[in-house]
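To start, the structure itself, in structure tokens.
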Amino acid sequence: MKTILYTLFFTSTLLLTSCSIYEDVYFKQDGQVRYEIKFDASEILAMIPDAADKAGDLPSDSIISVVDLLKQKGGSSKLLIENKEDIENITPLFLEMRNDKANQILTITMFGDFTNVEALNKALVSINKLQEKGKKEGMKNSNIGIDRLTNTSSFTWDGKTMKRKLDLSQIVNEAAGNKNDMISKMFSQGKMTIKYHFPEKVDKANNSDALISQDGKTVIVEYSASKFLKSDNSLDIEITTKK
17 MKTILYTLFF
27 TSTLLLTSCS
37 IYEDVYFKQD
47 GQVRYEIKFD
57 ASEILAMIPD
67 AADKAGDLPS
77 DSIISVVDLL
87 KQKGGSSKLL
97 IENKEDIENI
107 TPLFLEMRND
117 KANQILTITM
127 FGDFTNVEAL
137 NKALVSINKL
147 QEKGKKEGMK
157 NSNIGIDRLT
167 NTSSFTWDGK
177 TMKRKLDLSQ
187 IVNEAAGNKN
197 DMISKMFSQG
207 KMTIKYHFPE
217 KVDKANNSDA
227 LISQDGKTVI
237 VEYSASKFLK
247 SDNSLDIEIT
257 TKK
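17 is the number of the first residue of the sequence shown in the numbering used here; add one for each residue after it.
Now the structure itself:
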């Protein structure tokens, strides 16, 4: 499974050229939440033959837990032992890679099932904390890579109303003045499509760009990736169901 590490870095390079991000958040009646975020590099494989050739050398479909990935990246025993709470928080998270050269498919998805939104929020915060601590300990390539968006989010869900706030200050600061050229490129192009799934029909959403699915239970919002470089609250959203 160590080959998945190379895949993550290879995919990140492709995303700088063409980035399609799909996020799905499922809010269940009993309070549980399923979170998925997928980075799709399939389009670039169709446009750049060399990228398709390199993708063909990567492993086929694979799944690995985020905890195991951190261990493979050189996480020290000290990091794992002294941050047991953070490790426990991210235990539900997994990474899945799909690589099908014949059909020009290359995706990386992070997903997990959580008992409630607070558990999800803790996991998203803990990923960032572990990476920062890993860097201080000299852990090589400590960035998981696809979590740049996830650790900006905070959700609430009471069974009727869902609220999401995004703190974009880290992304904006890193991109400012080309302090982090990779971040600037990643968020200056491409798109992100977010779907919020609910057990009941939606009553209203406070975002003018939001669309409601035909069955009335899913809110769909598509953003230009460049919006994530602005430190405003235009990406925050509140959705109320008819329960």
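Think of the CB as a built atom: it goes at the ideal place given N, C-alpha and C, for glycine as much as any other residue.
Check: Span of the alpha helix (DSSP H) around K100; Outcome: 100-106
Check: Spatially closest choice to Q48 from A221, L182, G175, by CA coordinates; Outcome: G175
Check: S169 versus Q147, L136, E148, residue with shortest Cα-Cα distance; Outcome: L136
Check: Between the CA atoms of T257 and I124 - distance to the nearest angstrom; Outcome: 31 Å
Check: Sub-8 Å separation of S78 and M126 beta-carbons; Outcome: no
Check: Exposure of N222, with buried meaning 16 or more beta-carbon neighbours within 10 Å; Outcome: exposed
Check: Same chain, Cβ closer than 7 Å to N159, neighbours up to 5 away in sequence not counted; Outcome: Unreliable positioning characterises N159 in this predicted model, as indicated by a pLDDT of 48, which lies under 50. The coordinate reading is nonetheless provided below. Counting only Cβ-Cβ distances below 7 Å, and skipping sequence neighbours, we find Q147.
Check: K44 in three-state terms, based on DSSP; Outcome: coil
Check: Cα-Cα separation between L32 and K100, rounded to whole angstroms; Outcome: Reliability of the predicted coordinates at L32 is poor, the pLDDT of 43 falling under 50, and no value is obtained from them.
Check: Sequence-distant residues of its chain with Cβ nearer than 8 Å to F130 (five each side left out); Outcome: Q48, V49, R50, Y51, P108, L136, A139
Check: With 16 other Cβ atoms within 10 Å as the buried cut-off, status of I253; Outcome: buried
Check: Residue from K259, T209, D225, K181 with nearest C-alpha to V218; Outcome: K259
Check: Cα-Cα separation, F55 to S240; Outcome: 15 Å
Check: Cross-strand partners of E112 (DSSP beta bridge); Outcome: I79, T125
Check: Coil, strand or helix - D84 by DSSP; Outcome: helix
Check: Residue nearest to I106 in terms of C-alpha spacing, selected from L85, N115, S142, K87; Outcome: S142
Check: Which of helix, strand or coil DSSP assigns to H213; Outcome: strand
Check: F262 versus I80: straight-line alpha-carbon distance, rounded; Outcome: With the chain represented from 17 up to 259, any question about residue 262 goes unanswered, as that position is not in the structure.
Check: C-alpha gap between F214 and K149, whole angstroms; Outcome: 36 Å
Check: Simplified DSSP state of A135, which is helix, strand or coil; Outcome: helix
Check: Where K149 falls: helix, strand or coil (DSSP); Outcome: helix
Check: Rounded separation between D73 and L122 - CA only; Outcome: Reliability of the predicted coordinates at D73 is poor, the pLDDT of 48 falling under 50, and no value is obtained from them.
Check: K179: first and last residue of the uninterrupted beta strand (DSSP E) it sits in; Outcome: 177-182
Check: Candidates K181, Q230, L96: closest to V133 by CA position; Outcome: K181
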